[in-house]
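Novice: Chains X and H are the protein sequences, given in the same order.
Heads up: take any position in the first sequence, counting from 1, add 110, and you land on our numbering.
Heads up: take any position in the second sequence, counting from 1, add 110, and you land on our numbering.
Have a look at this one.
Number of protein chains: 2
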Amino acid sequence: MLDGAVGLLDEDGESALTFRALAARLGGGVGSIYWYVSSKDELLERAADHVMDQVLFESERFHGDDPIDDLRQTAMVLYGAVEHRPWLGSYFMRNSSSQPNSLRYYERVGQSVLRLGLGPRETFHAASAIIGYVIGIAADLGQQPTEEMLRGEVKRDEYLEQAADAWRALDPEEWPFLHTIADEFATHDDTDQFTSGLDLMLDGLRLQAERRARGE
Amino acid sequence: MLDGAVGLLDEDGESALTFRALAARLGGGVGSIYWYVSSKDELLERAADHVMDQVLFESERFHGDDPIDDLRQTAMVLYGAVEHRPWLGSYFMRNSSSQPNSLRYYERVGQSVLRLGLGPRETFHAASAIIGYVIGIAADLGQQPTEEMLRGEVKRDEYLEQAADAWRALDPEEWPFLHTIADEFATHDDTDQFTSGLDLMLDGLRLQAERRARGE
DNA sequence: CACTCTATCGAACAACGTTCTATATTCTCG
DNA sequence: CGAGAATATAGAACGTTGTTCGATAGAGTG
């Protein structure tokens with residue numbers, strides 16, 4: 111059932127997951143679904159944790175010497191799963207009782223942070239910040255293509271170029287930032303953008319660990 | 111009209127904003143709203159930008175010597191607005207034509223980053239990462255109180271303590287991280303958590319700027 | 001005065017989440 | 001073996017939602 115739900119979500123987006131569509135896909139009745147879940151919220155929570163099962167499996171292949179590297183790898187696996195599933199961010203780690211895999215993932219991130227030797231509070235904050243960043247940026251980047259980009263194929267470049275042109279037409283005195291980044295924006299890659307921000311945060315985390323190791 | 115929409119959202123959450131409820135609040139008819147907006151999506155986009163107007167105003171009061179300090183202040187103002195408005199994150203900066211204030215806010219963050227003297231790509235990535243973090247963590251932290259916490263008042267502490275107890279009951283060998291942070295989690299403050307993660311990212315950004323200034 | 005533009009209103013429609021009842025299948029145990 | 005409970009399925013029905021549509025009234029214009 112969760113496979114069917116995730117399938118509908120992946121193929122046609124969040125609005126495609128309806129009880130009637132899911133029942134038709136499974137060849138059953140609408141009411142039957144309610145035997146397994148008590149609401150659509152719970153269905154989405156379970157679907158989210160279903161995806162997290164695969165994320166967990168893939169992220170457990172990495173075990174390096176550097177905790178920061180492990181964190182980067184673990185975060186990127188989650189990013190890959192959320193990038194084209196904007197709904198996942200909203201239902202990730204909402205209910206710990208019905209979402210054991212999300213909790214395991216949190217634990218896994220936390221164990222890497224633990225190896226940095228910070229205090230409990232810093233450890234808690236760092237692990238939560240990393241996950242919050244991944245979820246947030248993925249939901250931001252992977253938002254639906256606004257209009258007709260579903261029909262046209264190669265439209266993404268044109269869409270970005272069009273937005274960049276609008277920025278370039280603004281007053282450079284008043285909008286220096288948008289002018290500076292217009293070229294970058296037009297040719298940017300979402301994954302690069304994500305990785306850069308992640309590295310910023312991990313650099314800050316490494317710095318914090320070093321400072322503490324030196325006893326500051 | 112946007113005041114009424116934001117009012118409904120703030121008072122009773124995202125599900126309270128319906129065309130019928132909004133029409134009743136404004137003393138008008140349901141169909142009239144469609145004269146000003148073409149869909150509920152656009153209504154929420156405009157409502158989001160309406161909130162951003164206030165965010166922009168408050169964040170423009172800060173102008174310090176240190177760009178990083180400015181970034182921290184600017185980010186915290188946005189956090190304050192999104193913290194209790196989970197819907198804002200989903201509709202922030204989706205359509206630049208109907209959301210001028212969001213674009214101005216992006217420009218403002220970007221101008222602070224510009225002062226760090228990075229290249230166009232790093233500037234673009236840094237500004238986007240900061241905003242992505244704020245939106246993501248705020249949506250994560252400010253998610254609705256799951257159950258009955260709306261009736262009871264002081265229930266938040268009990269809820270957190272209950273979750274922490276569940277973590278403490280797990281096997282410490284298998285869940286070292288959750289055991290380490292259980293106490294922190296039970297007494298944590300959302301804003302502290304947000305600030306810590308933001309400082310991690312800003313520390314990393316400062317480090318990147320210094321490295322570039324030294325010509326590495 | 002005729003006509004177009006602006007603006008408002010609420011009935012009607014299709015789709016959705018959810019509830020309910022009826023029914024079939026399997027399991028339990030005296 | 002067989003009656004009743006537990007498990008499981010199916011679909012009609014209900015209330016609510018976003019959206020469409022035609023009717024209608026005033027404002028501005030030639």
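Glycine included, every Cβ here is placed at the ideal spot set by N, Cα and C.
Fair warning: this is a prediction, and the values are worked out from it, not measured in the lab.
Specify the secondary structure class of H/Ala236 as computed by DSSP and reduced to three states.
Specialist: As a first step, residue 236 of chain H must be located in the second sequence, where it is residue number 126. Correct three-state label for H/Ala236: helix.
Novice: In this structure, does DSSP put X/Met162 in helix, strand or coil?
Specialist: In the first sequence, counting from the first residue as 1, residue 162 of chain X sits at position 52. DSSP, reduced to helix, strand and coil, places X/Met162 within a helical segment of the structure shown.
Novice: Would H/Tyr243 count as contacting chain X if we go by Cβ distances under 8 angstroms?
Specialist: Counted from its first residue, the second sequence places residue 243 of chain H at position 133. Yes, H/Tyr243 counts as interfacial toward chain X.
Novice: What does the alpha-carbon distance come out to for the pair H/Thr301 and X/Ile245?
Specialist: Start at 1 with the first residue of the second sequence, and residue 301 of chain H comes out as number 191. Start at 1 with the first residue of the first sequence, and residue 245 of chain X comes out as number 135. Answer to the nearest angstrom: the Cα atoms are 18 angstroms apart.
Novice: Go through its chain and collect everything with a Cβ distance to X/Ser270's Cβ below 7 angstroms, but skip five positions before and after it.
Specialist: Indexing the first sequence from 1 puts residue 270 of chain X at position 160. With the sequence shown as reference, residue 270 of chain X is identified as Leu, and Ser is not the correct amino acid for it. If we look at X/Leu270 and ignore the five residues flanking it on each side, its Cβ neighbours are Phe295 and Ala296.
Novice: So H/Leu112 contacts chain X; which residues on that side make the cut at Cβ distance below 9 angstroms?
Specialist: Position 2 of the second sequence, counted from the first residue, corresponds to residue 112 of chain H. Under the 9 angstroms cutoff, chain X gives no residues; its nearest Cβ is about 21 angstroms from H/Leu112.
Novice: Pick out whichever of X/Gly314, X/Asp309 and X/Glu155 has its Cα sitting closest to the Cα of X/Asn211.
Specialist: Your numbering for residue 211 of chain X matches position 101 in the first sequence. Among X/Gly314, X/Asp309 and X/Glu155, the Cα nearest to that of X/Asn211 is on X/Glu155.
Novice: Since I believe H/Gly252 is in contact with X/Ile291 (beta carbons under 8 angstroms), could you give me their beta-carbon distance rounded to a whole number of angstroms?
Specialist: Within the first sequence, the letter at position 181 stands for residue 291 of chain X. Within the second sequence, the letter at position 142 stands for residue 252 of chain H. Not quite, the Cβ-Cβ distance comes to about 29 angstroms (not below 8 angstroms), so this is no contact.
Novice: Please name the residues in the segment 149-177 of chain X whose beta-carbon is closer than 8 angstroms to at least one beta-carbon of chain H, in chain order.
Specialist: none
Novice: Going by Cα to Cα distance, which pick from H/Arg218, H/His235 and H/Val116 is closest to X/Phe287?
Specialist: Residue mapping note: residue 287 of chain X aligns to position 177 of the first sequence, counting from 1. For the residues H/Arg218, H/His235 and H/Val116, the minimum Cα distance to X/Phe287 belongs to H/Arg218.
Novice: Alpha carbon to alpha carbon, how far is X/His314 from X/Ala133?
Specialist: As a working mapping, residue 314 of chain X is identified with position 204 in the first sequence. As a working mapping, residue 133 of chain X is identified with position 23 in the first sequence. Correcting the residue identity first, residue 314 of chain X is Gly in this sequence and not His. Each residue's Cα considered, the two are about 48 angstroms apart.
Novice: Which of the three DSSP states is assigned to H/Gly199 in this structure?
Specialist: In the second sequence, the residue the question calls residue 199 of chain H occupies position 89. Looking at H/Gly199 - three-state DSSP - the assignment turns out to be helix.
Novice: Please tell me whether H/Gln209 has its Cβ less than 8 angstroms away from any Cβ of chain X.
Specialist: Numbered from its first residue, the second sequence carries residue 209 of chain H at position 99. H/Gln209 does not count as touching chain X.
Novice: For the alpha helix (DSSP H) containing X/Ile144, list its first residue and its last residue.
Specialist: Numbered from 1 along the first sequence, position 34 holds the residue referred to as residue 144 of chain X. Going by the sequence as given, residue 144 of chain X is Tyr instead of Ile. Segment: none, X/Tyr144 is in no alpha helix (DSSP H) and carries neither H nor E.
Novice: Pop quiz: X/Val165 and X/Leu188 are said to be a contact at Cβ under 8 angstroms. What is the actual Cβ separation, rounded to whole angstroms?
Specialist: Taking the first sequence and counting its residues from 1, one reaches residue 165 of chain X at position 55. Taking the first sequence and counting its residues from 1, one reaches residue 188 of chain X at position 78. 6 angstroms between Cβ atoms; contact.
Novice: Would a check of beta-carbon distances place H/Arg231 closer than 8 angstroms to chain X?
Specialist: The residue given as residue 231 of chain H occupies position 121 in the second sequence. Chain X, which has a Cβ nearer than 8 angstroms to the Cβ of H/Arg231, makes this yes.
Novice: Thinking C-alpha only, which one of H/Gly123, H/Trp145, H/Tyr243 and H/Glu232 is nearest H/Met186?
Specialist: Locating residue 186 of chain H in the second sequence gives position 76, counting from the first residue. Cα-wise, what sits closest to H/Met186 is H/Tyr243.
Novice: Using 8 angstroms as the limit for Cβ to Cβ distance, is H/Phe129 near chain X?
Specialist: Residue 129 of chain H sits at position 19 when you count from the first residue of the second sequence. Not closer than 8 angstroms to any Cβ of chain X, the Cβ of H/Phe129 fails to qualify, so no.
Novice: Shorter than 8 angstroms from the beta carbon of X/Glu217 to some beta carbon of chain H?
Specialist: The residue you call residue 217 of chain X lines up with position 107 of the first sequence. Interface residue, yes.
Novice: So, is the C-beta of X/Arg324 closer than 8 angstroms to a C-beta in chain H?
Specialist: Working through the first sequence from its first residue, we reach residue 324 of chain X at position 214. Answer no: the Cβ-Cβ gap between X/Arg324 and chain H never drops below 8 angstroms.
Novice: Kindly list the residues whose CB is nearer than 8 angstroms to the CB of X/Leu228, restricted to its own chain and excluding five residues on each side of it in sequence; keep chain order.
Specialist: Taking the first sequence and counting its residues from 1, the one referred to as residue 228 of chain X is at position 118. The residues are Ala236, Gln318, Ala319 and Arg322.
Novice: Take the Cβ of H/Pro282 as the centre, count every other Cβ of all protein chains shown within 10 Å, and call the residue buried at 16 or more, exposed below.
Specialist: Against the second sequence, residue 282 of chain H aligns to sequence position 172. By the neighbour-count rule (16 or more Cβ atoms within 10 Å), H/Pro282 is not buried but exposed.
Novice: Could you give the distance in angstroms between the alpha-carbon of X/Leu127 and the alpha-carbon of X/Arg204?
Specialist: Here residue 127 of chain X corresponds to residue number 17 of the first sequence, with the count starting at 1. Here residue 204 of chain X corresponds to residue number 94 of the first sequence, with the count starting at 1. Computed Cα separation, rounded: 19 angstroms.
Novice: For H/Gly307, report the span of its alpha helix (DSSP H) as first-last.
Specialist: The residue you call residue 307 of chain H lines up with position 197 of the second sequence. Taken as a continuous stretch (DSSP letters only), the alpha helix (DSSP H) holding H/Gly307 covers Asp300 to Ala323.
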